[in-house]
Amino acid sequence: MKKWQDILKDSITSPAALNEYFNVNITPLDEVIATFPMRINSYYLKLIQKIGDPLWKQAVPDVAELHDSICIEDPLAEENLSPVPNLVHKYPDRVLFLVSNQCAMYCRFCTRKRKVGTGKMVINQESILAGLDYIRHHPQVREVLLSGGDPLLLSDFQIEFILRELRLIPSVKVIRIGTRVPCTLPMRITPELVDILKKYHPLYINTHFNHPAEITPEASAACTLLADAGIPMGCQTVLLKGVNDSPETMRELLLKLLEIRVKPYYLFQTDLTLGTNHFRTPTVTGIKIMRSLIGHISGLAVPTFALDGPGGKGKIPLTPDYILTRGDKLVFENYRGEICTYPESGDGI
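Numbering (the working numbering), first residue to last: 271 to 619.
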């Protein structure tokens with residue numbers, strides 16, 4: 271079996287290389303990757319069945335990325351919320367710590383596509399030490415989310431250095447890692463890496479699957495390694511037009527995630543990221559999907575549908591409205607559309 275590093279080296283990074291596998295017009299795609307880089311590793315490339323399928327849409331550049339007059343580069347205002355480079359302090363008790371500028375695949379819908387994989391995102395030992403120093407001097411920070419890029423593309427040595435340093439900070443109680451490698455490069459999840467991760471509990475992993483076809487035997491094996499090490503896993507799925515914006519596809523994805531011991535955590539409305547407008551659906555699409563899930567599949571498989579507020583305003587849950595009226599009795603409908611009542615207590619405010 272090839273090592274994960276060799277699979278990553280085999281990545282396609284140009285439309286000309288893509289044309290060896292699929293017959294595409296490479297000229298407009300060259301224009302796209304001049305702005306937004308391309309990387310499709312050989313593992314994920316083999317999962318693509320045909321031009322335009324849901325995995326193709328996530329991996330292959332589209333000229334629509336250059337014709338986006340609605341979205342903006344930094345919709346979540348991360349740069350304005352960065353007291354030191356590559357660290358975002360949006361919520362009072364937790365920070366987002368960007369420790370890698372590389373991904374196993376450059377997803378076309380990425381919220382940080384303005385800089386991931388480019389020279390605009392400079393991450394080095396100096397920036398990592400500055401982030402650690404900031405956390406050390408802000409004891410209100412009890413939770414750190416490592417992201418990037420993908421933190422698990424760092425070497426085992428670099429990953430352990432960061433985890434060890436965070437665990438030496440008394441105020442840091444929980445560490446989370448945001449990574450897509452269980453989906454896009456599952457062979458990166460090695461026994462050696464898992465042995466490192468499990469030393470730093472409580473440690474959580476939020477991974478990212480968007481389509482049932484991404485849940486392969488390799489992905490299942492990677493998630494099994496992590497789960498067997500006692501690492502709780504959640505999935506942050508993005509609602510993407512033409513990829514997973516149907517109740518049937520979403521239901522299949524969520525149920526398959528449970529089978530590989532990954533708890534569906536968030537279903538995100540697509541961010542207003544420049545170059546991603548062609549992926550956006552109306553919010554009502556997500557709400558209808560949630561209606562089709564709640565009560566019809568296990569609650570364990572139902573994520574929170576949320577929108578990350580533009581301008582760094584934070585995550586807002588978007589839920590179907592089941593409440594019809596309030597008063598002495600709460601009148602609502604259940605998942606079948608049946609009308610129900612519940613007598614309120616007299617202690618309401």
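Where is the CB? At the ideal position from N, CA and C, for every residue including glycine.
Given the structure is predicted, the values throughout are model-derived calculations rather than measurements.
Tell me the residue span of the beta strand (DSSP E) that contains residue i.
i: residue 364; result: 364-368
i: residue 417; result: 413-417
i: residue 561; result: Premise fails: residue 561 lies in the alpha helix (DSSP H), 553-563, not in any beta strand (DSSP E).
i: residue 546; result: Taken as a continuous stretch (DSSP letters only), residue 546 belongs to no beta strand (DSSP E), as it is neither H nor E.
i: residue 538; result: 533-538
i: residue 585; result: 584-587
i: residue 611; result: 609-613
Residue i to residue j, Cα distance in whole Å?
i: residue 341; j: residue 544; result: 5 Å
i: residue 281; j: residue 560; result: 36 Å
i: residue 398; j: residue 430; result: 13 Å
i: residue 365; j: residue 359; result: 5 Å
i: residue 326; j: residue 520; result: 18 Å
i: residue 287; j: residue 566; result: 44 Å
i: residue 471; j: residue 609; result: 45 Å
i: residue 407; j: residue 387; result: 30 Å
i: residue 392; j: residue 353; result: 15 Å
i: residue 395; j: residue 447; result: 19 Å
Grab me the residues of residue i's own chain with a C-beta within less than 6 Å of its C-beta, minus the 5 sequence neighbours each way, in chain order.
i: residue 454; result: 314, 374, 375
i: residue 525; result: 571
i: residue 532; result: 493, 503, 505
i: residue 562; result: 517
i: residue 549; result: 379, 510, 511, 540
i: residue 603; result: 592, 609
i: residue 299; result: 285, 331
Which stretch, first to last residue, makes up the alpha helix (DSSP H) that contains residue i?
i: residue 399; result: 395-406
i: residue 603; result: Taken as a continuous stretch (DSSP letters only), residue 603 belongs to no alpha helix (DSSP H), being part of the beta strand (DSSP E) at 599-603.
Output needed for residue i: all residues of its chain with C-beta closer than 8 Å, excluding positions within five of it in sequence on either side, in chain order.
i: residue 236; result: Residue 236 lies beyond the residue range present for the chain, which begins at 271 and ends at 619; the question has no answer from this structure.
i: residue 466; result: 426, 429, 430, 433
i: residue 271; result: 457
What residues in its chain sit with their C-beta under 7 Å from that of residue i, if we drop five residues either side in the sequence?
i: residue 278; result: 311, 374, 455
i: residue 420; result: 370, 372, 373, 374, 449, 450, 451
i: residue 435; result: 402
i: residue 547; result: 338, 340, 341
### Message
Check whether the segment 375-387 and the segment 398-412 touch, using three or more Cβ-Cβ pairs below 8 Å as the test.
### Response
no
### Message
Assess contact between the segment 438-446 and the segment 486-502, defined as three or more Cβ pairs (one per stretch) separated by less than 8 Å. Is contact present?
### Response
no
#### Entry: alpha helix (DSSP H) runs contained entirely in the segment 461-530, provided each spans 4 or more residues
461-467, 487-498, 517-529
### Message
Taking contact to mean 3 or more Cβ pairs, one atom from each stretch, closer than 8 Å, check whether the segment 508-528 and the segment 555-569 are in contact.
### Response
The segment 508-528, when compared against the segment 555-569, does touch it at the 8 Å Cβ threshold.
### Query
Is the segment 305-323 close to the segment 522-542, with three or more CB pairs under 8 Å?
no
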